[in-house]
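Engineer: In this text, residue positions in the sequence shown follow my numbering: the first is 201, and each later residue adds one. A virtual CB, placed ideally from N, CA and C, is assigned to each residue, including glycine. All values reported here derive from a predicted model rather than from experimental measurement.
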Amino acid sequence: MTVFFAFLLTVSGVATAAWLVAARGKVAAAFGDGRGALTLVGFVVLANAAPLLAGEHSSALIGLLVLGLLAWVVGTGGRDLRGPSDGWLRLAWWSVVLLLLWCLAVDAIVGAGLYGSRLVSYAAAGLFLLAGLLLAARTAVTTRALAYTGLAVLALLTIPTLFAGTDAWRTCTGGQLEKCSVAGALFKSFFESENYVAMIATFTLVAGLCTMRRWELLATAALCLLVIVATGSRTSYLALAAGAAWLAGSYLLERWRRFERIPLVLSAGLVVVFAAGASYLMWSADRATLSNRGNIWVHAREYIAARKATGVGVSKWYYLRDVGEAPTHFFHSGYVLTIFAGGFIALVVWGLWATALLHGRVRDGRAFTAKAPFVLLLIYSVTEVVWNPLSVDGLSWIFLLLMLTRAAGSPRDALPAVGPVDAVDRPGGLAGLRAFAARRPRRRMTAGSAG
């Protein structure tokens with residue numbers, strides 16, 4: 201059965217890659233222009249290929265890719281640090297900047313300071329944020345861009361499967377942590393975790409459900425469901441069900457009226473519920489909770505027991521792992537990562553970012569649909585680290601595209617990337633004088649005609 205699934209995955213990956221090349225016009229439209237689409241999709245694909253291309257030096261390759269992305273943004277006219285014109289989206293960007301700086305300060309001050317090469321990771325995260333902020337001033341994408349990018353990554357992950365043999369699979373586990381898939385093994389491609397692959401497939405499918413129709417949606421769903429089933433990821437099944445429920449509610453609401461924003465009370469309330477729930481789970485978990493994720497959370501909460509407000513800095517986790525006092529796995533929760541790195545102060549800033557982004561304006565009146573992938577991030581972050589704000593990895597593109605999304609709809613809803621985004625909303629200092637001068641000739645002409 202594993203060989204059969206490997207054949208299906210490889211064939212599906214090749215077909216998906218060919219489809220994306222054939223549909224490059226639609227891909228470009230989803231990003232606003234062809235150059236931006238090629239650059240961003242290329243960056244994401246290469247970042248995910250880093251383990252295959254560079255092995256243990258994959259982090260260095262990703263760092264070079266970040267420098268290349270920033271150089272491209274600046275070289276193509278990226279100079280505006282104001283970000284998007286919408287105040288809430290701008291607040292979301294600067295909240296992430298504040299979160300990064302706060303966690304860096306905590307890490308540098310607490311205990312023995314920064315451990316290992318974490319300063320390089322912080323620098324990469326800062327440069328990535330700078331590139332994103334410069335992009336946000338001139339680039340707006342649709343949710344379809346997230347789907348196309350995810351499909352490109354899935355093509356990369358699935359094409360080699362038939363030729364990789366057992367290296368693309370992890371042996372099923374038994375006992376208390378029993379986990380398997382109908383393929384007879386757990387599909388992980390060339391990564392260490394099947395959950396990583398399943399997360400990409402789930403985000404891609406939810407984004408596809410937001411925007412695609414007919415055969416496009418059928419093809420996207422077929423590939424994504426094939427990958428999710430092959431990984432055997434129970435977390436992804438639950439997250440996908442929750443995302444589908446949100447989309448069903450969105451469909452009913454948006455048939456009733458247009459929503460350029462999700463109401464602020466609902467946005468804040470949703471974020472508070474998830475943050476509070478994850479915090480409660482962290483402090484109430486025992487070592488066997490949720491397939492031994494609790495073992496990680498127990499270690500994390502014990503280490504920050506005296507510094508709940510400020511945390512201790514993420515580099516301390518790497519130190520604890522190196523000396524054998526913490527599990528080898530990462531935090532398995534975006535909320536726990538934030539609390540460990542910067543305490544409840546960081547969690548408040550994280551919540552401000554999430555609320556601002558959830559409340560940010562979309563152009564096509566389908567705010568609930570456009571924000572569905574972000575709601576999925578809130579759900580996933582309870583038990584997985586989808587986005588690490590203190591580093592750059594193969595999943596950072598999800599954060600970037602969520603921050604750049606300004607519409608849910610089809611390619612025709614994409615905003616062109618010529619000049620700064622929302623330039624019409626940012627009149628120059630002489631705009632009023634020009635408008636007045638433009639009105640004066642019309643008045644004289646009207647008077648002359650009457651005479």
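For chain C, check one thing: does any of its Cβ atoms lie closer than 7 Å to the Cβ of A505?
Structural biologist: Of the protein chains in this structure there is only one, and it is not chain C.
Engineer: Taking the beta strand (DSSP E) that R606 belongs to, which residues open and close that run?
Structural biologist: First-last of the beta strand (DSSP E) with R606: T605 to A607.
Engineer: Keeping to the same chain, check which residues put their C-beta closer than 6 Å to that of G368; ignore five residues upstream and five downstream.
Structural biologist: Reading off the sequence shown, one finds Ala at residue 368, where the question assumed Gly. So the qualifying residues of the chain are T361 and S389.
Engineer: Does DSSP classify R282 as helix, strand or coil?
Structural biologist: Here R282 sits in coil by DSSP.
Engineer: So, under 8 Å CB-CB, A608 and T411 are touching, yes? Tell me the CB distance rounded to an integer number of Å.
Structural biologist: That belief holds up - the Cβ atoms of A608 and T411 are roughly 6 Å apart, short of 8 Å.
Engineer: Between which two residues does the alpha helix (DSSP H) harbouring I400 extend?
Structural biologist: Run containing I400: E394 to T411, per the alpha helix (DSSP H) assignment.
Engineer: So, at 7 Å on beta carbons, what are the nonlocal neighbours of T202 in its own chain, with the 5 sequence-adjacent residues on each side left out?
Structural biologist: Cβ within range, chain order: W369, A383, G384 and A385.
Engineer: What number of angstroms, rounded off, separates the C-alpha of Y503 from the C-alpha of S212?
Structural biologist: If you take the alpha carbons of Y503 and S212, they lie about 45 Å apart.
Engineer: Would you say E378 and S433 are within 7 Å of each other, going by their C-beta atoms?
Structural biologist: Cβ distance not < 7 Å, so E378 and S433 don't count as in contact.
Engineer: What residue from A556, L246 and L252 has the CA that sits closest to G263's CA?
Structural biologist: Nearest of A556, L246 and L252 to G263, Cα basis: L246.
Engineer: Going by DSSP, which residues form a beta bridge with T373?
Structural biologist: Answer by DSSP bridge pairing, in chain order: K379.
Engineer: In whole angstroms, what is the alpha-carbon distance linking V274 and F459?
Structural biologist: Spanning the two alpha carbons is a distance of roughly 34 Å.
Engineer: Is the beta carbon of A488 less than 7 Å from the beta carbon of G408?
Structural biologist: No, the pair does not count as a contact, with Cβ atoms beyond the cut-off.
Engineer: Output needed for A623: all residues of its chain with C-beta closer than 8 Å, excluding positions within five of it in sequence on either side, in chain order.
Structural biologist: Below a pLDDT of 50, predicted positions are generally treated as unreliable, and A623, at 36, falls in that range; the measurement from the model is reported next regardless. Within the same chain, A623 has no close Cβ partners at all.
Engineer: Can you tell me where the alpha helix (DSSP H) with W517 in it begins and where it stops?
Structural biologist: Unbroken alpha helix (DSSP H) run through W517: S515 to D522.
Engineer: Hey, how far is the Cα of F231 from the Cα of L351?
Structural biologist: About 14 Å.
Engineer: Counting C-beta neighbours from all protein chains within 10 Å, is the total for I309 16 or more, i.e. buried, or is it exposed?
Structural biologist: Per the 10 Å Cβ criterion, exposed.
Engineer: Within the continuous alpha helix (DSSP H) that includes I504, where are the two ends?
Structural biologist: Unbroken run through I504: none, as it is neither H nor E.
Engineer: Indicate whether T538 and W550 have their beta-carbon atoms separated by less than 7 Å.
Structural biologist: Contact flag set, yes.
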